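Heads up: the sequence shown begins at 1 in the UniProt record's numbering, then just goes up one per residue.
Ideal Cβ placement from N, Cα and C applies to all residues, glycine included.
Owing to the predicted nature of the structure, the values given are computational and were not obtained by experimental measurement.
Each remark here refers to the structure printed beneath this line.
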Amino acid sequence: MPVIYIVLSPFTQVHTGVRAFQCPHCPLTFKWSSHYQYHLRQHTGERPYVCKECGKSFKNTSCLRRHSQMHSGLRPHTCPICSKSFSQTSNLKQVGLC
1 MPVIYIVLSP FTQVHTGVRA FQCPHCPLTF KWSSHYQYHL RQHTGERPYV CKECGKSFKN
61 TSCLRRHSQM HSGLRPHTCP ICSKSFSQTS NLKQVGLC
């Protein structure tokens, strides 16, 4: 099914609520092309961003970046109670109070 793009200024997209990107697989619509492209990967399974260290693939660059921190060994987020360190703040929050 062909995808139809409608070019709108950022002002128009934000202030009119126009959602110019319609998913051809489901009823969802999107204001932003980047959100639409990310959503399409839910249906297609496409994972174009590949880790150079281990070959694992991801749907977007943020997931690849987060994954790459694991390979770097950096753990900048430290629990103030137990001093355990984590590569991501979300992992620190999952631990909660020690």
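State yes or no: is the C-beta of S87 within less than 7 Å of the C-beta of Q69?
The residue labelled residue 87 in the question sits at position 87 within the sequence shown. The residue labelled residue 69 in the question sits at position 69 within the sequence shown. S87 places its beta carbon less than 7 Å from that of Q69.
Under 7 Å, do H71 and L92 count as touching if we go by C-beta distance?
Within the sequence shown, residue 71 is the residue found at index 71, counting from 1. Within the sequence shown, residue 92 is the residue found at index 92, counting from 1. Going by C-beta atoms, H71 is not nearer than 7 Å to L92.
Just confirm the distance between the C-beta atoms of L64 and C51, as a whole number of angstroms; I'd bet it's less than 8 Å.
Along the sequence shown, read from residue 1 onward, the residue named residue 64 stands at position 64. Along the sequence shown, read from residue 1 onward, the residue named residue 51 stands at position 51. Yes, they are in contact, since the Cβ atoms of L64 and C51 sit about 6 Å apart, within 8 Å.
DSSP on H67, reduced to helix/strand/coil?
Stepping through the sequence shown from its first residue, residue 67 is reached at position 67. Helix at H67.
Can you find the residues in the same chain that come closer than 8 Å, C-beta to C-beta, to H35, ignoring five residues on each side of it along the sequence?
As a working note, residue 35 is residue 35 in the sequence shown. Cβ within range, chain order: F21.
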